[in-house]
Structure formats: C-alpha cells, structure tokens
Amino acid sequence: MTIFELQETLRQKVSETASVEFGIDLGQIVSEVPRKIELGDAAFPAAFELAKLIKQQTGEKKNPREIAETFKAELEKFDFVDHIEVAGPGYLNVFYDRSKFLVENADAQPLPKLILSESADAPKICVEHTSVNPNKAAHIGHVRNSVIGDTFQRILRATGKRVEVQNYIDNTGVQVADVVVGFIYLENMNLDEIKAIDAKLRSEGRTFDYYCWDLYAKVGVAYQTDEDLKAKRAEVLHLIEEGDNDTALLANYVATRNVECITNTMERLSIRYDLLPRESEILHLQFWNKAFEQMKERGVIHLAAEGKNAGCWVMAFDSHSGTDEHESDKILVRSNGTVTYTGKDIAYQMWKLGILGMDFFYKPFFKYGDGKDVWITTANESEHVTAGPVFGHGETVYNVIDTRQSYPQEVVRKGVAAVYPEKGEAASVHLSYEMVALSPAAAEELGFDVGEEDRKKPFIEMSGRKGLGVKADDLITRLETNALAEVESRHGELPIEQKRQVAHQLAVGALRYFLLKFTRTTIIVFDFKEALSFEGETGAFCQYSAVRANSIFRKLDERNESINNFRSKLSDSAKVSEVLTGKSGDDIWSLITLSSRLEETVQQAALQNEPAILAKFTFNLAKAFNLFYHHHKILIEENAVKQAVLVVTADLARNALTAALRTMGIEVPERM
RNA sequence: GCACCCGUAGCUCAGCUGGAUAGAGUAUCUGACUUCGAAUCAGAGGGUCGCAAGUUCGAAUCUUGCCGGGUGUACCA
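So this is what it looks like as structure tokens:
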C-alpha cells in the first residue's frame, strides 16, 4: 500500500470506531502529517472533536486522552502499524512499521507512473496559456503565465487526465495594429521591405520579435504627440479585422512571425502547444453569430429598448464586482451593431467547451524537432486537413490569464453558463495569477528612466507599450551563460556540446523553479540577483540532489552491483528494522516517507490549481536527500543490510525527485 | 463607491479544509572538502503573524470592523 492508502485506511477505522464505540458520526476525519518525526507518521486530533461532541450530546465530560486510548487499541490491530502514542492533550500519533513499508515499496517507480498515466479515453481538459499578443517579444511576465500553464498541464497529465494545450493568438487586435502602424507610417515600409528587414535580422542573428518590441515602444511614444498617427490606428485595425487587403496581409506576416519567435522562446523552456487558435478565424467564421443565435433562442440576451444601453443587445449579469449592481447588464452588441470583445470571448469559450455548434478548420503550423505537430486554425475550408486531431470539446477548460482579467473572465464564465446551464460555471476555470513586476532598481538596471513618483512605489508594472520589461530570451541567455561558466569551472574536461546542454538544463531549471515557487496570488517583484541564483531554494539545488544520487548509482553500476541485488538483501526484517531505528534511522525513514508522498502532492496541486505546492515539495525532498547524503556513506557502508536499505532509499528518492522535476518541466543533467 | 488580492524574521516568501514549541530561502556571524561532488551541510542570532474585537478546548488560518499597499470596475480592444 502507498502511504496515502495507509492514511485512508486509518481514517476509515477512526470513523468506524467513533460510531461503533461512541455512537458518533465524526464526518470528515482530519489527519495530519506531524512536523517532527518524533511525533509519528500520521496524527489524528479526532479525540478532541469527539470529546466536544459527547459533551454537546450527553453533557458528559470526557477526557480526550481516555478517548484516544480506545482508538489506539483499535488502530494498533493493523499490521502496518508498529505502535501508537497518545500524546499531549490527546493526539493520536501513529508510527508505521518501517521495515515492512520499505520492503513493500522497495521498487516503487513514480516516474513511469506519472509520465505515462494519461489515458486516451479520459475526458479531455483544455488548458489555454501563453496567449501573448503577437506584436513583440515575450517578457518575464508572459513566461510566468506559460510556466504556470505548462506545469499545470503536466500535473493534470500526471493525474491521468487527457489534456489539450492551446495558445490563443490575438492576431487582429489593437496591439498588432499598433506595430503595423509603426511599420507603415513610422518606418514607411511595405510588406516586401518588412520581409527584407526580417531576413537581414536573421542573417545578423537577431530576431524579428525584438525589432517589433522596440518599434511598438516607438509607436507608443509617437501616439502621445501625434494625433494623426493615433487616428491611423483605428483605420488599420479596421482593415486588419476586415481581412483580404494589403494591410491585413502585412499584419498577418507580422503576427505570424512574432508567433514563431515566441513559440521558439517557449520551446527553449520545454513549453509546447497542440493548437494555436486565432482571432482572425473567430471573426471570419463568424463564431459570434452562432453564439448570438443560441443566446436569443435560450432567452439570455435582449435588446435594450431604453436607458443608457438603448439599442444594445445586453445580457443580464449578476455580479458583486464591477460597476453598480443596478447597471449589471453586460453589453455584447453595441448600438452600432458591432460585437464587443466580451461577446467574442463568450463565443470562443463556447467553442472550447464544444457547445458552440460549429468549428474551425485546421492545418499544421510547424513541427517540433521530434516530429510533433503544432496545429493552427484557418478559415479556409480548402486548407483543412480532415485527418487531423479533433480539437476543443473540453470537459473542463482552464484559462491561464493574469488576475487583472478576473472580471471579464467572470463575465465569460457566467455568460456561458447562462446560455448552457447543463455545462455550468464549473466547466470554465480562470487559473489566475498575479503579475511579475519590476523593482524600481531593476527598472533602472534595464536602463530605464524611473521618474520621481515611480521610484517611491514598491514595484513598477511591466509594459510592452513602454518597452519596459525583462525579455524572456535575454534572461534565458543570461542564465545559460552564467551556468556555462559554472559548469566550465567544475567540469572543464567535458565536450563543449555536453557543457552547453547542461548549462541549458540548469537555466531552464532556474527560471521555471523561480516562477513556480511563488504561489499564484503573490506578485513577483523581479530581482535579477534572485532570479539568476543557483543556490538556496532554486531549481539547481533540486537538480544537484538528483545528480548526486545518480552518481552513486553510476558508481554502483561500474562495480556491477544491481539495485535488485540490494533489494533482495532486505528479507531479514529484524535487521532492516534495526537500521531504521534511532536517530540515524529517522533520517532514512523520513526520506522514504517523503519520497512516497509525491503522488498525493501532485493530486493536491491539481485539486488546488496550485503548482507551487509541487515546487515546495520538490525542494523539501531535495533537502531531505542532502541530509541523508551527508549522514550516510553508501558506497563504503560495511553493514550489508544497512547498505541495502541506503541504496533502496536513495533509489526511491531519486526516482521521486526526477519525476517531480519532470512534472515541472525540469530535466536532471548528467553532471553539473 | 463597489469587487478581488496582499500584509508572517532585516529582505523574499511557505504555512492545506482551525491543531502540538509559527517554518524555509537569503543576508549577517561561526564551523565542515584526503570522503558517493562544498551549486552542499551543520550551528547561532533574528517574530506584538498589520491593529482590534468575536467564534472555541484550541486561531497566522474562520467571522466582523479598522489601518496600510496593489489590481480591477467602458458600447476601449
């Protein structure tokens, strides 16, 4: 049995004992993992609760410690329980039979179990993340989105869910229009000239998205003084939305190239997608009309006859947030007949859930190195690849979007649920997270003029419009450079290819862990020193533990000593018990139990939509391994049984560690 | 105005549906490489858990009020 199953068995017994011996239904049984190993492996505060209920029901005052004794007698009947201590005012501290547990779990392999658990017939979950406006390079805030989304997607897969990853491309929005305005009116370029610039950048090893980053900022500055230019924005936007004209073609080139650049950036971090749905198709295939029909049929939308919304199609919307509750109608179609962003978003969300009643056409966009296709939407039926996968139709849809979009996301969730109550609000989940901001010092470090007012603030919001932000590729490259220097100093003899590979893995580990260790509600105030660190609570720390564990097994391998051979030495349970006793035994035992908690940790992270839970667990596991590593010298251990216990424990730990890291998208290097 | 988020060690943060002496990392100071790798480990100091009430055997955690900081709240996109 896994440690989670043991706990469940005990919970049931506690519940049963409460009703049989005391005639009381305790409901949900609370159990905890004590912080200190002296307090056992599982603890139940049930006696307190029971004493309270007995007093309420009969007036009789019972001592919790006495009640606990009754539980103790019942729970000790399980053979996996070594003994139970009634502690403090009435805690029930359960100690498992250590040798029995180790022998039974000696070959536990969380790695294949977690990675291959996705089943083909499970209901599909759609996870949308990244969704960077394709008009500039991605910055660190976008990376937080992608890392949270990608890790969450991996967590879901590890719990057996079937997942589709979507990266929404807003290729017809104002942000793209702004850059197009820049190209046409500031740079005076046509499509051919843009292509020429793009080719030139490529030949110089520079990227198109960086060029757009600067141009976008330039346009932002120009708008402040040039009203004519600002007027061009609406004009350009209109042309892009309409499609089938030179401006739209130009915009399409710009957006597509940025999508390619951003996808390359994310690929550096092991972040991939199944599908890129584009706004242009939502427009051209007229998703809104279909949603509009359904909303009218189902009576959730009506034409406002009077008041300030007169002439608009509105949806009744109950909200405690937003403007006055009296004005809770949400406008979906403006009085001029055009649809609002919210309207389009509701239609799109309906598509994701498979309830819109129409679909995109799809074609392959490009292939990753290993041959995996990324698909993109198209409005052109003749381009459609019929043999392709079925997209959308999510049982549940997770939208990874920052917390500033909470209100519009709430509107979409409630709107869709109003049209389709059989799906309900629970099918749409806004996986929100706080922004990554810059400390005033970090902004200055980037060469930015920080004004008087901003300097007093605790942090400054990043802004693509102002060109203020830490670009993802810059940061990754810096991490790789720093890591390479470290690898060079330790393993200068390795071939350069391998050193680069390790440096890359360390950079990915550092960045992903850095963004995952904070809970979603925490604003990350970006700090270069902290983000670039390989020491302390970092990805490198976790990777280092696994690397050291692996090197033990490499040495064992060189000696032709197999793990199975060590496992077979665990048959003498008395001797195994002895090894697992006392202070030295505690170290080993706590590593065993912690390693065995990976699966329940992944479950918990999925249940609470919080990848940080997995990150914290991984760090604690790495720390526990380091402690174990320093206290026990495995290769030179003379006691054969003890050596076997140590080897098996180290194996459990490195498997759990590797699986945990993999679930966060972090690889374990060969050497570091 | 209303809604949501945050306030825990000098700094950056964990702390699950209430549970035992509130924990990490970092910084500071002191130790540990002839060892399976020191990107590591051990130790020390560091706390009115924003404030105040309430709920109860028990509150960092739940409720209410206040204080401080942040974000959002358009027929924009």
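Counting in the numbering used here, the first sequence runs from 1 upward without gaps.
A virtual CB, placed ideally from N, CA and C, is assigned to each residue, including glycine.
Since we're looking at a predicted model, the values are computed, not measured.
Query, Result
"Alanine 640, buried or exposed, once every other Cβ within 10 Å from all chains shown has been counted against 16", "exposed"
"Stretch-stretch touch, CB-based, cutoff 8 angstroms, three pairs: the segment 601-611 with the segment 134-143", "no"
"Residues bridged to lysine 330 [DSSP beta-bridge criterion]", "Met315"
"Cβ neighbours of alanine 615 in the same chain (closer than 8 angstroms, five flanking residues each side left out)", "Tyr513, Leu516, Lys517, Met664"
"For serine 432, the first and last residue of its enclosing alpha helix (DSSP H)", "Looking at the DSSP string, serine 432 is not in any alpha helix (DSSP H); the run it does join, the beta strand (DSSP E), is 428-433."
"Best match in Glu493, Val487, Leu511 for proximity to glutamine 501 [C-alpha to C-alpha]", "Val487"
"C-alpha gap between alanine 310 and isoleucine 331, whole angstroms", "10 angstroms"
"Rounded C-alpha distance that separates alanine 472 from aspartate 178", "22 angstroms"
"Length of the line joining the Cα atoms of alanine 305 and glycine 354", "33 angstroms"
"Sufficient close CB pairs (3 or more, under 8 angstroms) joining the segment 254-271 to the segment 383-402", "no"
"Opposing strand residues paired with phenylalanine 360 [DSSP bridges]", "None; phenylalanine 360 has no bridge partner."
"Three or more C-beta pairs below 8 angstroms linking the segment 449-457 and the segment 473-482", "no"
"Enclosing beta strand (DSSP E) for aspartate 449 [first to last residue]", "Run containing aspartate 449: none; DSSP gives neither H nor E here."
"Per-residue DSSP class, three states only, for glutamate 610", "coil"
"Distance CB(threonine 247)-CB(leucine 237) smaller than 7 angstroms", "no"
"First through last residue of the beta strand (DSSP E) which encompasses phenylalanine 44", "42-44"
"Start-to-end residues for the beta strand (DSSP E) that takes in glutamine 166", "162-166"
"Cβ pair count under 8 angstroms reaching 3, the segment 331-347 against the segment 284-294", "yes"
"The segment 160-170 in contact with the segment 261-276 per 3-pair CB rule at 8 angstroms", "yes"
"CB of threonine 630 within 7 angstroms of CB of leucine 646, strictly", "Reading the sequence as shown, one finds histidine at residue 630 and not threonine. No; because the gap between Cβ atoms is not below 7 angstroms, this pair is not in contact."
"Three-state class that DSSP yields for serine 131 in the structure shown", "coil"
"Straight-line gap, leucine 506 to alanine 624 (C-alpha atoms, nearest Å)", "21 angstroms"
"Supposed close pair arginine 98, leucine 580 - CB separation, criterion 8 angstroms", "4 angstroms"
"Distance CB(glycine 182)-CB(leucine 156) smaller than 7 angstroms", "no"
"C-beta contact flag for valine 132 and isoleucine 262 at 7 angstroms", "yes"
"Which residues DSSP lists as bridging tryptophan 288, in chain order", "None; tryptophan 288 has no bridge partner."
"Contact between the segment 29-39 and the segment 63-71 (3+ Cβ pairs under 8 angstroms)", "no"
"Sequence-distant residues of the same chain with beta carbon closer than 7 angstroms to alanine 503, five excluded per side", "Glu480, Ala483, Leu484, Val487"
"Bridge-paired residues (DSSP) for leucine 682", "There is simply no residue 682 to check, as the chain begins at 1 and stops at 672 in what is shown."
"Test item: CB-CB of cysteine 212 and valine 397 under 7 angstroms", "no"
"Backbone secondary structure at histidine 302 - three-state DSSP", "strand"
"Given leucine 438 as reference, the closest of Glu425, Val419, Glu461, Lys52 once Cα atoms are compared", "Glu461"
"Range of the contiguous alpha helix (DSSP H) that encloses tyrosine 513", "496-516"
"As assigned by DSSP and simplified to three states, the class of tyrosine 211", "helix"
"Assigned secondary structure, glutamate 5 (DSSP; H/G/I helix, E/B strand, else coil)", "helix"
"Buried/exposed call for glutamate 5, threshold 16 Cβ in 10 Å", "exposed"
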